[in-house]
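Engineer: Could you have a look at this structure, given as structure tokens, before my questions?
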Amino acid sequence: MRLRNVSFLTVLLFGLCGLVSLSWYTAFSSSRGDVVDIYQREFLALRERLHSAEQENLREKTPKYHRTEDGFIRIGTFQHGIAEGEVDPTFGPLEAMRLSVMTDSPVWVILSEVRPLWTDQWNYIQASVV
């Protein structure tokens, strides 16, 4: 029997379906945890790509601000016991605030007051040290 184009395409289609079925069978018949590991690796790779794209986007949006390695933006420094800084409204709502000690000091830092100062919108932070 001679294979014609239609028959060849049918055989090719059945072959591909069989290959897909075999891959599904091996995915579900593997030992416990294998499927999770496969998807977890792919998910982590995707998350890493999205995270790096987000960081690049933030770097492009904020060239005038200094960023820390883990993504925080340095807004202000303490001078005479008060740190003040203006938050750019394009950053969106404030999610977290961090106090970083940059130099050795013989005194402790206790934040007694952190408050937003309302101008047009919530875009100014003031912190005092006791």
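Each step along the sequence shown adds one to the number in full-length UniProt numbering, with nothing skipped, and position 66 is 66. Each residue gets a CB set at the ideal place from its N, CA and C atoms; glycine is no exception. A quick note: this is a predicted structure, and the numbers were derived from the prediction, not measured.
Under a three-way DSSP split, which group does F91 fall into?
Structural biologist: Helix at F91.
Engineer: From this set, E48, I82, I73, which residue's C-alpha is nearest G92's C-alpha?
Structural biologist: Nearest option by C-alpha distance: I73.
Engineer: Check each candidate in W108, T10, V107, M97 and name the one with the smallest Cα separation from residue 131.
Structural biologist: Here the chain covers residues 1 to 130 and nothing more, so residue 131 does not appear.
Engineer: Evaluate V87 with the Cβ neighbour count: other Cβ atoms within 10 Å of its Cβ, from every protein chain shown; 16 or more gives buried, anything less gives exposed.
Structural biologist: It counts as buried.
Engineer: Tell me which same chain residues have a C-beta within less than 7 Å of the C-beta of T77, skipping the five on either side of it?
Structural biologist: Around T77: A83.
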